[in-house]
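A short worksheet on the structure shown next.
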Amino acid sequence: MTAEAPTLRRTPLRDRHVALGARLVGFGGWEMPLQYSGIIDEHHAVRRAAGLFDLSHMGEIWVTGPGAAEGLAAALVTDPTRLAVGRAHYSMIAAPDGGIIDDLIVYRLGADRFLVVPNASNAERVAEELEPRLQGFEAVMDDASAGTALVAIQGPLARGILAPLTDVDLAALKYYAIAEGEAAGAQALVARTGYTGEDGFELFLGPDDATAVWDRLLAAGAAEGLVPAGLGARDTLRLEAGMPLYGNELGPDATPMEAGLDRLVKFEKAGDFVGRAALEAARDAGPRKRLVGLRLRGRGIARHGYPVHLSGEPASVGEVTSGTLSPTLGEAIAMAYVPVSASAPGTMLEVGVRATRVPAEVVSLPFYKRPP
Amino acid sequence: MNVPEDLRYTPDHEWLRLESDEGTVGITAYAADELGDIVFVELPAAGSRLEAGSTFGAIESVKTASDLFAPVSGEIVAVNEQLTGTPELINSDPYGEGWMLRVRLDDPSALDALEGAAAYRARIGAA
Numbered sequence: 001m002t003a004e005a006p007t008l009r010r011t012p013l014r015d016r017h018v019a020l021g022a023r024l025v026g027f028g029g030w031e032m033p034l035q036y037s038g039i040i041d042e043h044h045a046v047r048r049a050a051g052l053f054d055l056s057h058m059g060e061i062w063v064t065g066p067g068a069a070e071g072l073a074a075a076l077v078t079d080p081t082r083l084a085v086g087r088a089h090y091s092m093i094a095a096p097d098g099g100i101i102d103d104l105i106v107y108r109l110g111a112d113r114f115l116v117v118p119n120a121s122n123a124e125r126v127a128e129e130l131e132p133r134l135q136g137f138e139a140v141m142d143d144a145s146a147g148t149a150l151v152a153i154q155g156p157l158a159r160g161i162l163a164p165l166t167d168v169d170l171a172a173l174k175y176y177a178i179a180e181g182e183a184a185g186a187q188a189l190v191a192r193t194g195y196t197g198e199d200g201f202e203l204f205l206g207p208d209d210a211t212a213v214w215d216r217l218l219a220a221g222a223a224e225g226l227v228p229a230g231l232g233a234r235d236t237l238r239l240e241a242g243m244p245l246y247g248n249e250l251g252p253d254a255t256p257m258e259a260g261l262d263r264l265v266k267f268e269k270a271g272d273f274v275g276r277a278a279l280e281a282a283r284d285a286g287p288r289k290r291l292v293g294l295r296l297r298g299r300g301i302a303r304h305g306y307p308v309h310l311s312g313e314p315a316s317v318g319e320v321t322s323g324t325l326s327p328t329l330g331e332a333i334a335m336a337y338v339p340v341s342a343s344a345p346g347t348m349l350e351v352g353v354r355a356t357r358v359p360a361e362v363v364s365l366p367f368y369k370r371p372p
Numbered sequence: 373m374n375v376p377e378d379l380r381y382t383p384d385h386e387w388l389r390l391e392s393d394e395g396t397v398g399i400t401a402y403a404a405d406e407l408g409d410i411v412f413v414e415l416p417a418a419g420s421r422l423e424a425g426s427t428f429g430a431i432e433s434v435k436t437a438s439d440l441f442a443p444v445s446g447e448i449v450a451v452n453e454q455l456t457g458t459p460e461l462i463n464s465d466p467y468g469e470g471w472m473l474r475v476r477l478d479d480p481s482a483l484d485a486l487e488g489a490a491a492y493r494a495r496i497g498a499a
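Here the protein sequences come in this chain order: A and B. Here the first sequence stands for residues 1 to 372, where the numbers follow the working numbering. Here the second sequence stands for residues 373 to 499, where the numbers follow the working numbering.
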């Protein structure tokens, strides 16, 4: 039971969370809902119906101007010049030494207009890194994080609940696409993105509209099983979906290749980008470790930081990055960095759980894939 | 928050109910609520020893793992085997079906070292 830091920032929906009986916790410098009715209930609701998330802690950084695309291509590992207007891609910002500063979603709203969404805890750092990297390009950066609210509706029924409340054609909005329009009575950017492994939408809003949008969505979806969902369920949902979390799977000590995200790094793109030389050297040297999925085959739950061993070996060879009891599978699942030689699916390893060793099988990610 | 009058409490949120020289041990409603959905409990076997203040097991919710601390010293005479398959009993009935251990106390006067309901209520800030 830790004491709360006195300076946590609050989202515009904070009073709603309190009224809904949420347990609030500090996360990335923000006071955020961990859970409302309970993590397992909320998790199942998102898998079976829909959940409503307040993600207003996330960062929103606008990059605009005739040189915005080229500037971002020089700043990030991906190639936003190849992004069609109205589409998005998953990206990363690397340090000169190749370490990962943050993972991001990059949305293209116009030929000269991009929205970059970093993690809450990294938003300021990303803005600080981006600004000098964009110098020399005809591009302007505007950190709109403080003036933007973000509400996500996720789950198989999300589209049906949102569709009558928006003039955006959701059926035509592809996965990783974004459109401007009206949603639940407010001007919004509606994106078909998420972090749960389900279909769903993220609504970027003005902070003054957040409460009304939240209330209208909850009221519209209640009969279909829409519930407010907190960061606890968001974490178990993303873990089942095999999605990495910055600070757990991603950080300065792992390359994108080691994290299994080789596809993100566009070595073939024209021009230099920050981290290129180091990442090329890392690619040529080969990975030192690999991120794998683990399913525990004995009693116990692997948690962040627990050691991973080769069967019967005393010294640890790797570390669990995230772990939980999967509400969907009813089994303990984890992600871990292990030596390349021990990363093939089917390899039996052991996780040190307190005083005991629990057998764990390397499995391919994700643990959960939504039914087609 | 439910804090029964007839139990004794540790600062780590375990409770103990004494019946002659045997005590039943569990965690409080407050602790269960703070942990959230409990999904795993690791308990010692019947016949093993409990040492006051020492870790005797672990409890895990979806979100986190916590140690369990022995309120008293003694011999474990029974373990709630139901918790293996249905650890959520600790959430739904922390003072009843969610019990963890029964222990034969080395010294029933050890109870005096534990908090009463009023003191525990004050500790958790409950009315």
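Glycine included, C-beta positions come from ideal geometry on N, C-alpha and C. Keep in mind that this is a model prediction, so the values were computed, not measured.
Next on the checklist: Excluding the 5 residues flanking residue 87 of chain A on each side, which residues of the same chain have their C-beta closer than 7 angstroms to its C-beta?
Outcome noted: Residue mapping note: residue 87 of chain A aligns to position 87 of the first sequence, counting from 1. Excluding sequence neighbours, residue 87 of chain A sits near 108, 176, 177.
Next on the checklist: Just verifying my parser: in three-state terms, what is the DSSP assignment at residue 496 of chain B?
Outcome noted: As a first step, residue 496 of chain B is located in the second sequence; it is residue number 124 there, counting from the start. Of the three classes helix, strand and coil, the one that applies to residue 496 of chain B here is coil, per DSSP.
Item to check | Validate contact between the region 152-160 of chain A and the region 43-57 of chain A using beta carbons, cut 8 angstroms, 3 pairs | outcome: Inter-segment contact for the region 152-160 of chain A and the region 43-57 of chain A is present: three or more beta-carbon pairs are separated by less than 8 angstroms.
Item to check | Any chain B beta carbon closer than 9 angstroms to residue 154 of chain A | outcome: Within the first sequence, the letter at position 154 stands for residue 154 of chain A. The Cβ of residue 154 of chain A sits no closer than 9 angstroms to any Cβ of chain B.
Item to check | Residue from A/127, A/151, A/366 with nearest C-alpha to residue 241 of chain A | outcome: The count along the first sequence starts at 1 and reaches residue 241 of chain A at position 241. Out of A/127, A/151, A/366, the CA that lies nearest to the CA of residue 241 of chain A is found in A/366.
Checklist entry - Is it buried or exposed for residue 198 of chain A, if we count other Cβ within 10 angstroms and need 16 for buried? => result For this step, residue 198 of chain A is matched to residue 198 along the first sequence. Buried, by the Cβ-count rule.
Item to check | Residues of its chain near residue 184 of chain A, where Cβ-Cβ distance is below 6 angstroms and the 5 sequence neighbours each way are ignored | outcome: As a first step, residue 184 of chain A is located in the first sequence; it is residue number 184 there, counting from the start. Correct list, in chain order: 165, 213, 216, 217.
Checklist entry - If you drop the 5 nearest sequence neighbours on each side, which residues of the same chain put their C-beta closer than 7 angstroms to that of residue 437 of chain B? => result Locating residue 437 of chain B in the second sequence gives position 65, where the first residue counts as 1. Cβ neighbours of residue 437 of chain B beyond the five flanking positions: 430.
Item to check | Endpoints, beta strand (DSSP E) assigned at residue 454 of chain B | outcome: As a position in the second sequence, residue 454 of chain B is number 82, starting the count at 1. Looking at the DSSP string, residue 454 of chain B is not in any beta strand (DSSP E); the run it does join, the alpha helix (DSSP H), is 454-457.
Next on the checklist: Strictly under 9 angstroms for the Cβ-Cβ distance: is residue 301 of chain A near chain B by that measure?
Outcome noted: Walking along the first sequence from the start, residue 301 of chain A turns up at place 301. Put simply, the CB of residue 301 of chain A is near chain B, with a gap under 9 angstroms to one of its CB atoms.
Item to check | Distance, residue 374 of chain B Cα to residue 171 of chain A Cα | outcome: Stepping through the first sequence from its first residue, residue 171 of chain A is reached at position 171. Stepping through the second sequence from its first residue, residue 374 of chain B is reached at position 2. Distance between the alpha carbons of residue 171 of chain A and residue 374 of chain B: 50 angstroms.
Checklist entry - What in chain E is Cβ-close to residue 391 of chain B, meaning under 8 angstroms? => result You won't find chain E in this structure, because its protein chains are A and B.
Item to check | chain B contacts from the region 56-81 of chain A (Cβ-Cβ distance under 8 angstroms) | outcome: Of all residues in the region 56-81 of chain A, none has a Cβ within less than 8 angstroms of some Cβ in chain B.
Next on the checklist: In whole angstroms, give me the CA-to-CA distance for residue 392 of chain B and residue 121 of chain A.
Outcome noted: Taking the second sequence and counting its residues from 1, the one referred to as residue 392 of chain B is at position 20. Taking the first sequence and counting its residues from 1, the one referred to as residue 121 of chain A is at position 121. Going from the Cα of residue 392 of chain B to the Cα of residue 121 of chain A covers about 54 angstroms.
Item to check | Extent of the continuous beta strand (DSSP E) run through residue 199 of chain A | outcome: Translated into the one-based positions of the first sequence, residue 199 of chain A becomes position 199. Premise fails: residue 199 of chain A is in no beta strand (DSSP E) and is neither H nor E.
Item to check | residue 72 of chain A, DSSP secondary structure in three states | outcome: For the purposes of this step, residue 72 of chain A is taken as the residue at position 72 of the first sequence. Residue state, collapsed to three classes: helix.
Item to check | Range of the contiguous alpha helix (DSSP H) that encloses residue 214 of chain A | outcome: If you number the first sequence from 1, residue 214 of chain A lands on position 214. Residue 214 of chain A -> alpha helix (DSSP H) spans 210-221.
Next on the checklist: If I follow the unbroken beta strand (DSSP E) through residue 316 of chain A, where does it start and stop?
Outcome noted: Translated into positions along the first sequence, residue 316 of chain A becomes position 316. In the DSSP assignment, residue 316 of chain A falls within the unbroken beta strand (DSSP E) covering 316-325.
Checklist entry - Taking residue 368 of chain A as the reference, which of A/355, A/328, A/16 has the closest Cα? => result Working through the first sequence from its first residue, we reach residue 368 of chain A at position 368. That would be A/328, whose Cα lies nearest to the Cα of residue 368 of chain A.
Item to check | Enclosing alpha helix (DSSP H) for residue 18 of chain A [first to last residue] | outcome: In the first sequence, the residue the question calls residue 18 of chain A occupies position 18. Counted as a single uninterrupted DSSP element, the alpha helix (DSSP H) harbouring residue 18 of chain A occupies residues 14-19.
Next on the checklist: Pairs of beta-carbons, one from the region 326-346 of chain A and one from the region 199-212 of chain A, closer than 8 angstroms: are there three or more?
Outcome noted: No: fewer than three Cβ pairs fall under 8 angstroms.
Checklist entry - In chain order, which beta strand (DSSP E) runs of at least 3 residues are fully inside the region 261-339 of chain A? => result Fully enclosed beta strand (DSSP E) runs of 3 or longer: 290-296, 307-310, 316-325, 332-338.
Item to check | Interface residues of chain B facing residue 39 of chain A [CB-CB closer than 9 angstroms] | outcome: Indexing the first sequence from 1 puts residue 39 of chain A at position 39. What residue 39 of chain A touches in chain B: 408, 409, 433, 434, 435.
Item to check | residue 167 of chain A versus A/239, A/182, A/196, A/58, residue with shortest Cα-Cα distance | outcome: Within the first sequence, numbered from 1, the residue matching residue 167 of chain A stands at position 167. It is A/182.
Checklist entry - From the beta carbon of residue 414 of chain B, is the nearest beta carbon of chain A less than 9 angstroms away? => result Counting from one through the second sequence, the residue named residue 414 of chain B turns up at place 42. Any Cβ of chain A closer than 9 angstroms to the Cβ of residue 414 of chain B would place that residue at the interface, and such an atom is present.
Checklist entry - In angstroms, rounded to a whole number, what distance separates the CA positions of residue 293 of chain A and residue 33 of chain A? => result Position 293 of the first sequence, counted from the start, is the residue given in the question as residue 293 of chain A. Position 33 of the first sequence, counted from the start, is the residue given in the question as residue 33 of chain A. Rounded to the nearest angstrom, the two C-alpha atoms are 27 angstroms apart.
Item to check | Own chain partners of residue 12 of chain A with C-beta closer than 7 angstroms, once the 5 adjacent residues on each side are dropped | outcome: The residue you call residue 12 of chain A lines up with position 12 of the first sequence. Apart from sequence neighbours up to five positions away, the residues of its chain that approach residue 12 of chain A with a beta-carbon distance below 7 angstroms are 56, 149, 207, 210, 211, ordered along the chain.
Checklist entry - Are residue 255 of chain A and residue 100 of chain A touching if we call contact CB-CB under 9 angstroms? => result Numbered from its first residue, the first sequence carries residue 255 of chain A at position 255. Numbered from its first residue, the first sequence carries residue 100 of chain A at position 100. The Cβ atoms of residue 255 of chain A and residue 100 of chain A sit closer than 9 angstroms to each other.
Item to check | Supposed contact pair residue 41 of chain A and residue 17 of chain A - C-beta distance, whole angstroms, cut 8 angstroms | outcome: In the first sequence, residue 17 of chain A corresponds to position 17, counting from 1. In the first sequence, residue 41 of chain A corresponds to position 41, counting from 1. Not a contact, Cβ separation roughly 16 angstroms.
Item to check | Amino acids of chain A, ordered along the chain, whose beta-carbon sits closer than 7 angstroms to that of residue 417 of chain B | outcome: Mapped onto the second sequence, residue 417 of chain B falls at position 45. Going along chain A, no residue has its Cβ under 7 angstroms from residue 417 of chain B, so there is no contact; the nearest lies around 13 angstroms.
Next on the checklist: Below 8 angstroms on the Cβ atoms is my contact criterion, and I expect residue 127 of chain A with residue 85 of chain A to pass it. Report the Cβ-Cβ distance as a whole number of Å.
Outcome noted: Position 127 of the first sequence, counted from the start, is the residue given in the question as residue 127 of chain A. Position 85 of the first sequence, counted from the start, is the residue given in the question as residue 85 of chain A. No, residue 127 of chain A and residue 85 of chain A are not in contact; Cβ-Cβ is about 23 angstroms, not under 8 angstroms.
Next on the checklist: Let me make sure I understand the geometry here. Which of B/467, B/422, B/402 has the alpha-carbon closest to that of residue 341 of chain B?
Outcome noted: Because chain B here runs from 373 to 499, residue 341 of chain B falls outside it and cannot be looked at.
Item to check | Bridge-paired residues (DSSP) for residue 362 of chain A | outcome: Position 362 of the first sequence holds residue 362 of chain A. For residue 362 of chain A, which the question treats as bridged, DSSP gives the partners A/294.
Checklist entry - Cβ atoms of residue 447 of chain B and residue 475 of chain B: under 9 angstroms apart, would you say? => result Counted from its first residue, the second sequence places residue 475 of chain B at position 103. Counted from its first residue, the second sequence places residue 447 of chain B at position 75. Yes, these two residues count as a Cβ contact at 9 angstroms.
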